[in-house]
Amino acid sequence: MRHDISILIIGLLAVLTTASIVAAILSARAPKPLSSTLVNLTQRINAWWVMVALMTVAFFFGRYGLTILFALISFASLREFVTLTHTSRSDHWVLLGMFGIIIPFQYWLVWTAWYGLFVIFIPVYCFLLMPAITALHGDTERFLERIAAQQWAVMISVYCVSHVPALLTLDVPGFEGRNLLLIAFLIIVVQGSDVLQYIFGKLFGKHRFSPTVSPSKTWEGLIGGVVSASLLGALLSFVTPFTPLQAACVAFVVCSMGFLGGLVASAIKRDQGVKDWGHLIEGHGGMMDRTDSLVFAAPIFFHIVRYFWTV
Amino acid sequence: MNKLSLTTFTLLQTVTSVGLSALAWAVTGVRPIWNGSLPSDKQRIYFANHTSHGDFILLSACLNEKERAITHAVAAGEYWGKSRLRRFIAEDMLSSVLINRQWTKPEENPIEIMLSVLDQGHSLILFPEGTRNMTDEPLLPFRSGLYNLSMARPQVELIPCWIENMSRVLPKGQFLPVPLLCRVVFGAPVAVAPGEERRAFLDRAHATLLALNPRPERDD
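Those protein sequences? They're chains A and B, same order as listed. Be aware that the first sequence starts at 785, since it is given in my numbering, and climbs by one per residue. Be aware that the second sequence starts at -11, since it is given in my numbering, and climbs by one per residue.
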């Protein structure tokens, strides 16, 4: 497995180095002052260096590193989500519970591989108890809006994100001890699809996919990005339990889910009147701007692998 | 105070301020938005909306180390001077300036106390509403202190600072903060115009601060 991870890391470093060189050449040739697109491109690539470095460190620490990293990603995402939505003073304890109880408990369930409770803790127990606590506080103003926002916030930022480290708990015959590679595959394919959609969109984008939701998503970007990311998935099949064809199909499904995740995130941002979720990652926006595709892809990927490849 | 205890004293304040700034960042990811003014070690009075005990921690977390060392929050003596522990926290750890809103003796005159701090070359963080705002109004009317200080020391810059979301992070009466993203918007300096009346100036400063709120409809 060390060997496979080394190959992936070398591949990522090669891609990032190429990207940095291309951005430097484009910036050197472009008229000054640089256009905002070029400045943003350089910022994005620099942020990718940091994100790849952090992921590498997390992979180095294995199960500990990844569980903690994704718990922190949940924290940052949930914070961005709750900040954007309407909350009332009487929601204080429910909000505290979301950060202080739901995140640690959900990741503890991931850690102990308690699958039965892991899948229902949030959609059953939290979804029933959170509105109950809100109702007990007696504040009914915009009640449905508040509880809906709280539930969708934990669903997206905690439940969905926690499916990434939960991949480590699956027993795939013949793939024992190599589950870290499932996470690497998922992240590289989904984030790769985002980057490829961005590139295809910038180069060939003409026809808006959904002008009312997102001005930057185009049919050309979607098709070029998802198809090329599926090919990337096939290329990476050597680190997975899948054949190249299976890997391409799985990649196609998760990248399509990722695209829908980005679309839903755009709709929420537009509804709330903001352009980005936050400002944590220079050039990209907030944590949710980076994870919106992953949150939709992760549970589907988890269940595809669990249904078809585990005993 | 002898030399040793003076060193311990500043060490305590430095550790407290670095620790609180780190905590403020971990909970709120606080970020300054310089919208009309820039970081500077010029002498200033930062005036801000006030909804929570965390307000001045957030504001000072947006200043650099050098500015923070000479910037003191003005806090209510009736509250922070009540017990020895509170006084220790407010004065020794946070280096705030305590003033009594209901003062009787001449040496308690809040304006005189604040002017004496300004005359040492230091900056102030002032909450001109005079109390934490618990109403549905985004900003209460200003008290006169800002006007009096500016008339007495016109060379000191008055910087409006809108602190976002803090009422949601730490509502009055709550002890544990909810992690939400906060920004502090620093606006262009305000000054008393020649011949401007007290109330007219205070209302103008009030409107300037209110206009900095980046998401007015969200501040609930």
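Yeah, the Cβ is synthetic: ideal placement off N, Cα and C, and Gly gets one too.
Verify the contact flag: residue i, CB atom, against every heavy atom of the ligand COA, threshold strictly below 7 Å.
i              : result
V979 (chain A) : Of ligands this structure carries none, so the ligand COA is not represented either.
Under 7 Å between beta-carbons, which chain A residues line up against residue i? List them in chain order, please.
i              : result
P159 (chain B) : R873 and H876
N52 (chain B)  : Ordered by position in chain A, no residue passes the 7 Å Cβ test against N52 (chain B), which lies about 19 Å from the chain.
Q1 (chain B)   : Neighbours of Q1 (chain B) on chain A: none; closest Cβ ~29 Å, over 7 Å.
R192 (chain B) : The premise fails here: R192 (chain B) is roughly 28 Å from chain A at the closest Cβ pair, so nothing lies under 7 Å.
R156 (chain B) : T871
Residues of chain B with CB closer than 9 Å to the CB of residue i, please, in chain order.
i               : result
G1069 (chain A) : Within chain B, no residue comes near G1069 (chain A); the closest Cβ sits about 12 Å away, beyond 9 Å.
R1004 (chain A) : As written in the sequence, residue 1004 (chain A) is Glu, which differs from the Arg given in the question. The premise fails here: E1004 (chain A) is roughly 34 Å from chain B at the closest Cβ pair, so nothing lies under 9 Å.
F883 (chain A)  : V166 and P167
Residue i versus chain B: which residues are under 7 Å apart at the beta carbon?
i               : result
H921 (chain A)  : Near H921 (chain A) there are no residues of chain B at all, since even the closest Cβ is about 13 Å away, more than 7 Å.
T867 (chain A)  : N153, L168 and L169
L1064 (chain A) : G17
So residue i and residue j are in contact, right, with Cβ under 8 Å, and what is the actual spacing, rounded?
i               : j               : result
I885 (chain A)  : A855 (chain A)  : With 8 Å as the limit, I885 (chain A) and A855 (chain A) do not qualify as a contact, their Cβ atoms being about 13 Å apart.
H870 (chain A)  : A916 (chain A)  : Going by Cβ atoms, the distance from H870 (chain A) to A916 (chain A) rounds to 20 Å, so no, they are not a contact pair.
A1035 (chain A) : S1012 (chain A) : So it is not a contact: roughly 10 Å between Cβ atoms.
A1082 (chain A) : H947 (chain A)  : 4 Å
V1037 (chain A) : I967 (chain A)  : Incorrect: roughly 17 Å between the Cβ atoms, too far for contact.
Q935 (chain A)  : F911 (chain A)  : 5 Å
F189 (chain B)  : P116 (chain B)  : With a Cβ gap of about 11 Å, F189 (chain B) and P116 (chain B) do not count as contacting.
M939 (chain A)  : I906 (chain A)  : 7 Å
L158 (chain B)  : H41 (chain B)   : 7 Å
L82 (chain B)   : T4 (chain B)    : 7 Å
L800 (chain A)  : V836 (chain A)  : 6 Å
I972 (chain A)  : L1020 (chain A) : 7 Å
Can the beta-carbon of residue i be found less than 8 Å from the beta-carbon of residue j?
i               : j               : result
L965 (chain A)  : T1027 (chain A) : no
F1022 (chain A) : S1077 (chain A) : no
F845 (chain A)  : S941 (chain A)  : no
A140 (chain B)  : L86 (chain B)   : no
L200 (chain B)  : L880 (chain A)  : no
G175 (chain B)  : S28 (chain B)   : no
C170 (chain B)  : V18 (chain B)   : yes
V997 (chain A)  : L1047 (chain A) : yes
L106 (chain B)  : V144 (chain B)  : yes
S811 (chain A)  : L822 (chain A)  : yes
M122 (chain B)  : D43 (chain B)   : no
E1004 (chain A) : G976 (chain A)  : no
A78 (chain B)   : A57 (chain B)   : no
S9 (chain B)    : S48 (chain B)   : yes
T1094 (chain A) : D955 (chain A)  : yes
T924 (chain A)  : V878 (chain A)  : no
F1086 (chain A) : L868 (chain A)  : no
D1055 (chain A) : G1069 (chain A) : no
C1033 (chain A) : V974 (chain A)  : no
Q162 (chain B)  : H787 (chain A)  : no
F130 (chain B)  : H60 (chain B)   : no
D1080 (chain A) : G1045 (chain A) : Inspection of the sequence shows that residue 1080 (chain A) is occupied by Phe rather than by Asp. Contact: yes.
V178 (chain B)  : C149 (chain B)  : no
L137 (chain B)  : I101 (chain B)  : no
L46 (chain B)   : A14 (chain B)   : no
In terms of DSSP beta bridges, what is residue i paired with?
i               : result
Y34 (chain B)   : B:I113 and B:I147
W22 (chain B)   : B:F174
S994 (chain A)  : A:S998
G1069 (chain A) : A:I1065
At 7 Å on the CB atoms, spell out the chain E contacts of residue i, in chain order.
i              : result
L880 (chain A) : The structure shown contains no chain E; its protein chains are A and B.
What does residue i reach in chain B if we use C-beta pairs closer than 8 Å?
i              : result
R863 (chain A) : G17, P167, L168 and L169
Fill in: Whole beta strand (DSSP E) elements within the segment 38 to 87 of chain B, 3-residue minimum
59 to 64 and 85 to 87
Worksheet item: Which runs of the alpha helix (DSSP H) spanning at least 4 residues fall entirely within the segment 805 to 885 of chain A, listed in chain order?
Response: Annotation note: the segment 805 to 885 of chain A contains the following uninterrupted alpha helix (DSSP H) runs of length 4 or greater, listed N- to C-terminal: 820 to 844, 846 to 868 and 876 to 881.
Discussion item. To test your reading of the DSSP string, which unbroken alpha helix (DSSP H) runs of 4 or more residues are found completely within the segment 896 to 935 of chain A?
Written reply: 899 to 904 and 911 to 920
Item to complete: Within the segment 948 to 993 of chain A, note down every full alpha helix (DSSP H) run reaching 4 residues or more, in order along the chain.
Response: 964 to 988, all fully within the segment 948 to 993 of chain A.
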